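To keep things clear, I will list the structure first and then write my remarks on it.
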Amino acid sequence: MELTVNNSHNDCLHLKMKNLIMEIDKYLMTRAEDSALLINKHLQDLSCGIQISWQIPHLPHLMQTLTKWVESQDEEIVCLSLGVLVNLCYKNLPAVYTLSKSIDIKKFLRFCLPLRGPIIEIHVCKLMVILDYMHIDIPKHTLVKFVDPTFLSIFQAFKNNDSILLRQIVDFFQDIITQSKDRQVLKDYNQYGDQIEKLLHLVESNVTSNSSNSKPSSKDNNNPECISLVLEFIHSLMLHDIVSIINLHAKISTLAIDWVNSEGVSYQALAVLTKIIEKNTEGEAEKNSSELLQSLIKALPSLLLILQSNSMPSNMESCRRLGALLQLLRAMLQANSIRTNVLHILKEETIEKVFMPLQLDNLIDCLPRLKSNDTNMSSTDAVNTYLYALGLVNELAQHDASWLALQSALMENRLIDENNTSNIATTQVMELYEYKLATLGYAEKSALNSIEAATERCTQLQHRLAQITAEQNKLQQLLFHTEHCLEQTSRSKEEFKEMYGQERNRALAATGHIKIYEGQIKNKDKELAECGNQLADCNKQIKNMSEAINKLEEQIAKKKQYVNKLIESGNKTEKKLQRTEEMLKEANVDNKNLNLQIVNLEEKLNLKEIKLAQLTEQYQATRAIIETINKVASSQMP
3 MELTVNNSHN DCLHLKMKNL IMEIDKYLMT RAEDSALLIN KHLQDLSCGI QISWQIPHLP
63 HLMQTLTKWV ESQDEEIVCL SLGVLVNLCY KNLPAVYTLS KSIDIKKFLR FCLPLRGPII
123 EIHVCKLMVI LDYMHIDIPK HTLVKFVDPT FLSIFQAFKN NDSILLRQIV DFFQDIITQS
183 KDRQVLKDYN QYGDQIEKLL HLVESNVTSN SSNSKPSSKD NNNPECISLV LEFIHSLMLH
243 DIVSIINLHA KISTLAIDWV NSEGVSYQAL AVLTKIIEKN TEGEAEKNSS ELLQSLIKAL
303 PSLLLILQSN SMPSNMESCR RLGALLQLLR AMLQANSIRT NVLHILKEET IEKVFMPLQL
363 DNLIDCLPRL KSNDTNMSST DAVNTYLYAL GLVNELAQHD ASWLALQSAL MENRLIDENN
423 TSNIATTQVM ELYEYKLATL GYAEKSALNS IEAATERCTQ LQHRLAQITA EQNKLQQLLF
483 HTEHCLEQTS RSKEEFKEMY GQERNRALAA TGHIKIYEGQ IKNKDKELAE CGNQLADCNK
543 QIKNMSEAIN KLEEQIAKKK QYVNKLIESG NKTEKKLQRT EEMLKEANVD NKNLNLQIVN
603 LEEKLNLKEI KLAQLTEQYQ ATRAIIETIN KVASSQMP
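Taking our numbering, the leading residue of the sequence shown gets 3, the next gets one more, and so forth.
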């Protein structure tokens, strides 16, 4: 089953395969809980962008099952179930009425509001906006907070290359921002610039990683569609004059130029470039945007390649692409700084190719035709393309006289001049009539298909009516059985009343015994209260004695501590005394030694004094001899 759902999911990414699956799929439900995730993925892809009729018998059961899954604890199942509910109710008022009859919507929304997660919050806000008519007032701060989850979910969807989810988010945001009552509220959000810058960085990094990968990347599959949706989202913000993204025009234009040659992205890229030029040519803004305009001039040759390859569009997408390019060229002519360059690069032959289908004989065959099963295309796109081309030629003729010849030639070839239809060829009228007949043929085929579908639906309703008739018979039998049970219940009720009377008499007799027992119990309670008082007195005495004993024990403990301290101090004193005695003994020994030394020194001193006396005597004798010699010498001198 998982492989089947995955294949179906991949098929839904292609529009033709999705339409084919929707034609054969009957949306049958299953009760297998382990398959809820796979079924939700399948339903979310199939239900995107379609309106399921309220006449489908499985629709109420489908909605009830989805609401039960929303109340589960699995975040992925909750997100997918909310997405399917939004797809079913989006722009489908009968489905909303069916949902309101199937569940309590207010209770369901009260449960959903506390749920968290960027995509879950987006789905909850979608439900609140879709159910706005049911007296649900959405506060302004809730709408402002809605922008952050929108950007987060866009980031996540772009990373996963989920173009279906990205389309849902972008479409819903555009619906919200275009509503008159909510437009100004969403403009109060002040982080558009930062969020768009993050988005551009994400796109740039994704493209860089894809280009550096040697294997086939997702850019060849879903990424162009995702890029187109991102540019469409940015374009919607630019249309509503979000001021904070003006500084990002250079980065946005770079992204648009890089993808302008991609077939699926070209239209949105050209629309974004046109809007950027219009914003940068208003008033004095052109003076500050010279670099931006010059980058567009450099990209103009590659843009003209689109004009050359799509000069004769074969489908409506080519028409829209060509029309967007013509509008871009006309907007570039409004810029004074690059007008000369545009006039120099544009060639008259290139613009003439656009009008070639109008100058051919088989005009109807050359114009793009509508497909009978394609409701998204409009023949006005082809008409608008040529109107844009005429407007471009008129703009060129106003600034360059060389374009006047082409303008005059185009005006001369118009078929209707002042409401005069006499110059219209009969063959052209017949061809137009044949075209109208073909259109009526397509309408007749569609009506026949509708009749066949209605007949088939009528048959289904007849089968359904037969089933309902059988169910009605069963309900009548059930009603008869219920009435029979009701009679038996009435009989049982009478028997119960009799039993109740007997039990009541027994209860009254037992009440007398109970009163006697209550008197005895009161006496016992009094005795018990007296015993309790005595016990309380005894407890108080015991408590007082215990407190006195505790105090005495504390005093004894303090005395013991004091005695221990005295014993310790006595021991310390004895130790000090012993040390003092030892020191005294040592001092006495030292004293004795010093006395002996003193005696020895005195003896030595006495000996020294004796020697000194002897030396003194010798000195005096010697001195006397010297004096005598001096006297004798002096007496002998003449």
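Note that beta-carbon positions come from the ideal geometry of N, C-alpha and C, so glycine has one too.
Just so we're clear, the structure is a prediction, and the values are computed from it rather than from any experiment.
CA-CA distance, I279 to L87, rounds to 40 Å. Where G85 is concerned, the enclosing alpha helix (DSSP H) starts and stops at E77 to C91. Nearest C-alpha to N163 among A623, L95 and V205: V205.
L327 places its beta carbon 9 Å or farther from that of I353.
Taking 9 Å as the cut-off, the Cβ atoms of Q329 and Y390 count as close. Listed in chain order, the non-local C-beta contacts of A271 below 7 Å within the same chain comprise L233, A258, W261 and V262, local neighbours out to five positions each way being set aside. Contact between the segment 71-78 and the segment 112-124 is present: three or more C-beta pairs spanning the two stretches fall below 8 Å. In the assembly as shown, M240 is a buried residue. Its beta-carbon has 16 or more other beta-carbons within 10 Å.
For H44, the enclosing alpha helix (DSSP H) starts and ends at A38 to L48. Between C127 and F148, the gap from beta carbon to beta carbon is short of 9 Å.
In the DSSP assignment, I132 falls within the unbroken alpha helix (DSSP H) covering P120 to I132.
K349 carries a coil assignment under DSSP once its states are collapsed to helix, strand and coil. Rounded to whole angstroms, the gap between the alpha carbons of E532 and S492 is 57 Å. In the three-state reduction of the DSSP assignment, S104 falls in the helix class. If you ignore the 5 residues before and after L398, its C-beta comes within less than 6 Å of the C-beta of W405, all in its own chain and listed in chain order. Per DSSP, reduced to three states, the secondary structure at L306 is helical.
In the DSSP annotation of this structure, the continuous segment of the alpha helix (DSSP H) that includes P226 starts and ends at N225 to L241.
In this structure, I229 lies away from I198, with their beta-carbon atoms at least 9 Å apart. Here Q46 is buried, its C-beta having at least 16 other C-beta atoms within 10 Å. As the crow flies, the alpha-carbon of F235 is around 10 Å from that of R169.
The distance from the Cβ of I166 to that of T152 is about 16 Å, inconsistent with a contact at the 8 Å cut-off. Each of E485, P59 and C321 was checked against the Cα of Y269, and the nearest Cα belongs to C321. Taking 8 Å as the upper bound for CB-CB distance, L294 and S255 are in contact here, some 6 Å apart.
Boundaries of the alpha helix (DSSP H) harbouring G325: M318 to L335, taken from the DSSP string. Rounded to the nearest whole angstrom, the CA to CA distance from N451 to T100 is 26 Å.
The DSSP-derived three-state label of L294 is helix. Distance from the Cα of A384 is smallest, within the candidate group R332, L324, Y435 and A403, for L324.
Exposure of S304 is indicated by the presence of fewer than 16 other C-beta atoms within 10 angstroms of its C-beta. In the DSSP assignment, L167 falls within the alpha helix (DSSP H) that extends over S165 to T180. For the options V344, A635, R508 and K578, the alpha carbon positioned closest to that of L302 is the one of V344. Per DSSP, D260 is one residue of the alpha helix (DSSP H) stretching across H251 to D260. Under the three-state reduction of DSSP output, D539 falls in the helix class. Counted as a single uninterrupted DSSP element, the alpha helix (DSSP H) harbouring H63 occupies residues L61 to V72. In the three-state DSSP reduction, P96 falls in the helix class (H, G or I). A Cβ-Cβ separation of about 7 Å places P59 in contact with R466 under the 8 Å criterion.
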